[in-house]
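J.: So the sequence shown is numbered by this note's numbering: it starts at 30 and just counts up by one. Just so you know, even glycine gets a beta-carbon here, dropped at the ideal spot from N, CA and C.
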Amino acid sequence: MADDGGERLRAELVAELGEGRVSWSEDDLSARAHDTWPLSLIRAEQGRLPTRAACVVRPQSTEEVQAALRVADRLRVPVSPFGAGSGVCGGFLPEAGAVVVDMGAMNALVEVDEVSLQARVQAGMMGHHFEDALNQRGYSMGHFPQSIELSTVGGWVSTRAAGQFSSRYGSIEDMLLGLEVVLADGRLVSIKPSPRRSAGPDLRHVFLGSEGTLGIVTELTVKTFPVPETRRMVAFGFDDFDEGLEATRKIVRAGWRPPVLRLYDGHEAGRHFGEWIAEDAAALLIVTEGPAAMADAELAACREICTAQGGSDAGAAPVEHWFVERNNVPSLRDLVARGLVVDTIEVTADWTHISDLYRNVVESVGEVKSLLIVSGHSSHSYAQGTNIYFTFVANPDDPADSEDVYLECWRRAMDATVRSGGSISHHHGVGRLRTPWMRAEHGVGIDVLRSIKQALDPNGILNPGALLPE
Ligand SMILES: Cc1cc2nc3c(=O)[nH]c(=O)nc-3n(C[C@H](O)[C@H](O)[C@H](O)COP(=O)(O)OP(=O)(O)OC[C@H]3O[C@@H](n4cnc5c(N)ncnc54)[C@H](O)[C@@H]3O)c2cc1C
Numbered sequence: 030m031a032d033d034g035g036e037r038l039r040a041e042l043v044a045e046l047g048e049g050r051v052s053w054s055e056d057d058l059s060a061r062a063h064d065t066w067p068l069s070l071i072r073a074e075q076g077r078l079p080t081r082a083a084c085v086v087r088p089q090s091t092e093e094v095q096a097a098l099r100v101a102d103r104l105r106v107p108v109s110p111f112g113a114g115s116g117v118c119g120g121f122l123p124e125a126g127a128v129v130v131d132m133g134a135m136n137a138l139v140e141v142d143e144v145s146l147q148a149r150v151q152a153g154m155m156g157h158h159f160e161d162a163l164n165q166r167g168y169s170m171g172h173f174p175q176s177i178e179l180s181t182v183g184g185w186v187s188t189r190a191a192g193q194f195s196s197r198y199g200s201i202e203d204m205l206l207g208l209e210v211v212l213a214d215g216r217l218v219s220i221k222p223s224p225r226r227s228a229g230p231d232l233r234h235v236f237l238g239s240e241g242t243l244g245i246v247t248e249l250t251v252k253t254f255p256v257p258e259t260r261r262m263v264a265f266g267f268d269d270f271d272e273g274l275e276a277t278r279k280i281v282r283a284g285w286r287p288p289v290l291r292l293y294d295g296h297e298a299g300r301h302f303g304e305w306i307a308e309d310a311a312a313l314l315i316v317t318e319g320p321a322a323m324a325d326a327e328l329a330a331c332r333e334i335c336t337a338q339g340g341s342d343a344g345a346a347p348v349e350h351w352f353v354e355r356n357n358v359p360s361l362r363d364l365v366a367r368g369l370v371v372d373t374i375e376v377t378a379d380w381t382h383i384s385d386l387y388r389n390v391v392e393s394v395g396e397v398k399s400l401l402i403v404s405g406h407s408s409h410s411y412a413q414g415t416n417i418y419f420t421f422v423a424n425p426d427d428p429a430d431s432e433d434v435y436l437e438c439w440r441r442a443m444d445a446t447v448r449s450g451g452s453i454s455h456h457h458g459v460g461r462l463r464t465p466w467m468r469a470e471h472g473v474g475i476d477v478l479r480s481i482k483q484a485l486d487p488n489g490i491l492n493p494g495a496l497l498p499e
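See the structure below:
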C-alpha cells in the first residue's frame with residue numbers, strides 16, 4: 030500500500046466512480062469508524078478508538094462495487110464492507126488506511142415473483158423497508174431480527190442472522206435462494222436462485238456468514254411467504270427453566286413449529302413479565318400463525334404439552350406485551366456511557382447439553398467481580414436443540430477496568446460453552462470478538478477456511494482481522 034495517507038487510493042476511486050461516490054470528510058469517516066460491538070463503544074467512549082479509514086465509498090451498482098474492489102486490490106488496500114453497522118461482534122472495524130464500502134445506496138427491491146414466492150433485493154436495503162415493501166403486496170420474508178430497523182439484508186447474509194420467527198420460517202440460510210457477490214479482484218459470482226439443486230457443493234454457504242472476508246454481497250434472492258391469515262398466542266409459567274426447556278423440546282420433537290417459542294429464565298421472566306408470571310418462574314411465550322385451522326391446532330397441541338409438563342397458563346397478555354416491546358432495547362451506547370459493561374452472548378447446543386450449558390455459563394460469568402446480572406432465554410428451537418441468549422451487566426468501580434471486565438465475561442462464557450459441548454455463536458457471528466474460539470469450534474476446518482480465503486482473496490484485502498484467528 031502506498032504510504033501517502035490514502036491520496037492515491039482516493040484519486041483512483043474518484044477517477045473510477047466519480048466524485049459524488051467517495052468521501053473522506055471527518056463526519057463520514059467518524060460515522061463509519063465502528064459497528065455496535067460494545068468493546069468498540071467502550072473504547073470510543075474512552076477516546077481510544079481513532080478514525081482510521083482513508084475514505085468511504087458509496088456505490089450505486091454492482092459495477093461500481095466491482096470497480097472499487099479492483100482499485101483496492103491493485104493498491105493492496107484493506108476493504109471494510111458496511112451494511113448498517115448493527116453488528117455486535119466487531120465485524121466492521123476498518124484498518125488504518127482502509128476503504129469503507131458503504132452499501133447503503135444499493136437499497137432497491139428489484140423484483141417480487143408472486144408465482145414462485147421469491148424476491149430479489151439489493152444488499153443495502155434496510156430490513157424493515159424490505160419487509161414493509163413485501164407486506165404492501167401481501168407477502169412477508171418471515172425474518173424478524175430484533176435489529177430489523179437497524180440492519181441491511183446484505184448484513185443478514187454476511188452474519189448468518191436469525192429472526193424472532195425462526196422456529197417456523199428458518200434463519201437466513203433457510204431463506205436465501207440466490208446471491209450475487211463481488212470477489213476481491215472485482216469478478217462477480219452469481220448464484221442463481223433455485224428451489225434446490227444437486228450440482229456440487231452449495232456455494233451460498235461459502236458466503237453466508239463470511240462477514241465481508243470473502244466478497245461483497247450486492248444482491249440476494251430470498252423466499253417470501255403469504256402474510257399469515259391468523260395469529261394465536263399464549264404464555265406459560267414453569268417452576269424452573271429446565272421444565273420450560275423440556276416443554277419446548279417436546280413441542281418441536283412432536284413436529285409442531287410455532288414461529289415464536291421463547292423461554293425466559295426466572296430473572297428475565299421477572300424483568301419482562303412479572304405482572305403475569307409467578308416470582309422466579311420461567312416464562313414460555315408461544316405464537317402460532319397461518320390458516321386458522323392450523324394455528325388453532327398448533328396452539329391446542331402446545332397448550333396440552335405445556336400443561337402436561339406442569340406449566341401454568343398465563344394467557345395471551347405476556348405475548349401481547351412482548352409484541353409491543355420486542356424491538357425496544359436500551360441503547361448500548363447509553364449504557365456504556367453510564368460506565369456499565371453490558372453485552373449479550375448467544376450460543377447453541379443440542380438438547381442433551383443445553384441445560385448444563387446454561388448453568389455452566391451462568392455460574393462462571395456470575396463469578397466475575399462487579400457483575401450485576403447474568404440471565405438468559407432460549408429463542409430459536411429445533412428438533413435437535415436450541416439456543417441460549419445470555420445477557421450480562423457489570424459495573425466496575427473504575428471505568429478503566431471496563432475492557433478487562435468485558436473480556437473476562439466473554440472468556441468465561443465462551444470457555445464454558447465449549448466445555449459444555451455447545452457452539453460458540455447462534456446468530457451474531459464472530460467478528461473480531463470470537464476469533465480466539467474459532468479453532469475450538471472448527472478444529473482443522475479453520476485450515477479449510479483459510480484455504481478458501483487464500484484462494485478468493487490472495488492479497489488479503491477483505492476485512493482483515495475478522496472471522497479468522499491470526
Ligand atoms: C439491538 C440489536 C439487536 C439485534 N438483534 C439481532 C437479531 O435478532 N438477530 C440477529 O441475527 N442479529 C441481531 N443483531 C445483530 C446485527 O443486527 C446483525 O448481525 C445484522 O445482520 C448486521 O447487519 P448490518 O447490515 O448492520 O451489518 P454490519 O454491522 O454493517 O456488518 C456486519 C458484518 O457483515 C459485513 N457486511 C455487511 N454488509 C455486507 C455486504 N453487503 N457484503 C459483505 N459483507 C458485508 C461487515 O463487514 C461486517 O463484518 C442485533 C444487533 C443489535 C444492535
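Measure the C-alpha to C-alpha separation of ARG463 and ALA321 and round it to an integer number of angstroms.
T.: Between ARG463 and ALA321, the C-alpha separation is close to 43 Å.
J.: Taking the beta carbon of LEU249 as the centre, do at least 16 other beta carbons fall within 10 Å, making it buried, or is it exposed?
T.: With 16 or more other Cβ atoms within 10 Å, it is buried.
J.: Looking only at C-alpha atoms, which of HIS157, ALA191, SER187 and TYR168 sits nearest to ILE177?
T.: Per the Cα distances, HIS157.
J.: Could you tell me the boundaries of the beta strand (DSSP E) in which LYS252 lies?
T.: Looking at the DSSP string, the run of the beta strand (DSSP E) that includes LYS252 is 245 to 252.
J.: Who are VAL86's beta bridge partners in DSSP?
T.: DSSP lists VAL51 and VAL130 as partners of VAL86.
J.: Are there any heavy atoms of ligand 1 lying less than 6 Å away from the beta-carbon of PRO110, as far as the coordinates show?
T.: At least one heavy atom of ligand 1 is nearer than 6 Å to the Cβ of PRO110, so yes.
J.: Within the chosen definition, does the stretch 413 to 427 reach the stretch 368 to 375 through at least 3 CB pairs nearer than 8 Å?
T.: Yes, the stretch 413 to 427 is in contact with the stretch 368 to 375.
J.: Measure from the alpha carbon of PHE419 to the alpha carbon of each residue in SER408, LEU290 and ALA429, then state which is nearest.
T.: Ranking SER408, LEU290 and ALA429 by Cα distance to PHE419 puts SER408 first.
J.: Below 7 Å between beta carbons: does that hold for LEU290 and SER410?
T.: Yes, the pair counts as a contact, with Cβ atoms nearer than the cut-off.
J.: Which of the three DSSP states, helix, strand or coil, is assigned to VAL281?
T.: DSSP places VAL281 in helix when its eight states are reduced to three.
J.: Assign VAL358 to buried or exposed, taking buried as 16 or more other Cβ atoms, counted over all protein chains shown, within 10 Å of its Cβ.
T.: Looking at its Cβ environment, which holds fewer than 16 other Cβ atoms inside 10 Å, VAL358 is exposed.
J.: Would a C-beta distance cut-off of 7 Å place CYS118 and GLY472 closer than the cut-off?
T.: Cβ atoms of CYS118 and GLY472: not closer than 7 Å.
J.: Can you tell me the Cβ-Cβ gap for GLU124 and PRO110, rounded? I've got them flagged as a contact below 8 Å.
T.: Wrong, their Cβ atoms sit about 13 Å apart, outside the cutoff.
J.: Compute the Euclidean distance between the alpha carbons of ARG388 and VAL51, then round it to the nearest angstrom.
T.: Distance between the alpha carbons of ARG388 and VAL51 is about 50 Å.
J.: Can you tell me which residues form a DSSP beta bridge with MET467?
T.: In DSSP, MET467 forms no bridge with anything.
J.: Among the candidates HIS296, VAL130 and PHE236, whose CA atom is the shortest distance from the CA of VAL186?
T.: The option with the nearest alpha carbon to VAL186 is PHE236.
J.: Let me know the secondary structure DSSP gives TYR198 once reduced to three states.
T.: Here TYR198 sits in helix by DSSP.
J.: Using a Cβ-based criterion (distance less than 6 Å to any ligand heavy atom), does ASN492 qualify as near ligand 1?
T.: It does: the Cβ of ASN492 is within 6 Å (strictly closer) of some heavy atom of ligand 1.
J.: Does the beta carbon of THR253 fall short of 6 Å from some heavy atom of ligand 1?
T.: It does not: the Cβ of THR253 is nowhere closer than 6 Å to a heavy atom of ligand 1.
J.: Could you work out which residue in CYS84, ASP32, SER69 and ALA73 is closest to GLU48 when comparing CA atoms only?
T.: Selected option, being the one with the closest Cα: CYS84.
J.: Does the Cβ-Cβ distance between THR188 and VAL94 come in under 7 Å?
T.: No. Outside cutoff.
J.: Give me the residue from SER200, MET204, SER239 and ALA469 with the minimum Cα distance to GLY460.
T.: For GLY460, the nearest C-alpha among the options comes from SER239.
J.: Taking the C-alpha atoms as reference points, what is the distance between ASN488 and GLY474?
T.: Using only the alpha carbons, I get a separation of about 21 Å.
J.: Quick one: any contact between the stretch 338 to 355 and the stretch 310 to 318, if contact means 3 or more CB pairs under 8 Å?
T.: At 8 Å Cβ cutoff, the stretches touch.
J.: Can you list, in chain order, the stretches of the alpha helix (DSSP H) that have 4 or more residues and sit fully within the stretch 398 to 450?
T.: Qualifying alpha helix (DSSP H) stretches, in chain order: 431 to 448.
J.: Heavy atom of ligand 1 less than 6 Å from the Cβ of GLU240, yes or no?
T.: GLU240 Cβ: within cutoff of ligand 1.
J.: Could you check whether GLY167 and VAL256 sit closer than 7 Å to each other, using their CB atoms as the reference points?
T.: Yes, Cβ-Cβ distance for VAL256 and GLY167 is below 7 Å.
J.: Counting C-beta neighbours from all protein chains within 10 Å, is the total for GLU140 16 or more, i.e. buried, or is it exposed?
T.: GLU140 should be labelled exposed.
J.: What is the DSSP secondary structure of MET204, counted as helix, strand or coil?
T.: Reduced to three states, the DSSP call for MET204 is helix.
J.: Between the beta-carbon of CYS335 and the beta-carbon of PHE265, is there less than 7 Å?
T.: The answer is yes: Cβ separation under 7 Å.
J.: Under 7 Å Cβ to Cβ from ASP325, same chain only, skipping five residues before and after it: list those, please.
T.: So the qualifying residues of the chain are ARG261.
J.: Classify HIS172: buried if its beta carbon has 16 or more other beta carbons within 10 angstroms, exposed otherwise.
T.: It counts as buried.
J.: So, with DSSP's three-state summary, where would you put MET170?
T.: MET170 falls in the coil class under three-state DSSP.
J.: Within 6 Å: the Cβ of PHE220 and any heavy atom of ligand 1?
T.: In the sequence as presented, Phe is not what sits at residue 220; that position holds Ile. No, the beta carbon of ILE220 sits no closer than 6 Å to any heavy atom of ligand 1.
J.: Taking DSSP as the reference, what is the three-state secondary structure of ASP57?
T.: Note: ASP57 maps to helix in three-state DSSP.
J.: Can you give me the C-alpha to C-alpha distance between LEU208 and HIS63, rounded to a whole angstrom?
T.: Distance between the alpha carbons of LEU208 and HIS63: 26 Å.
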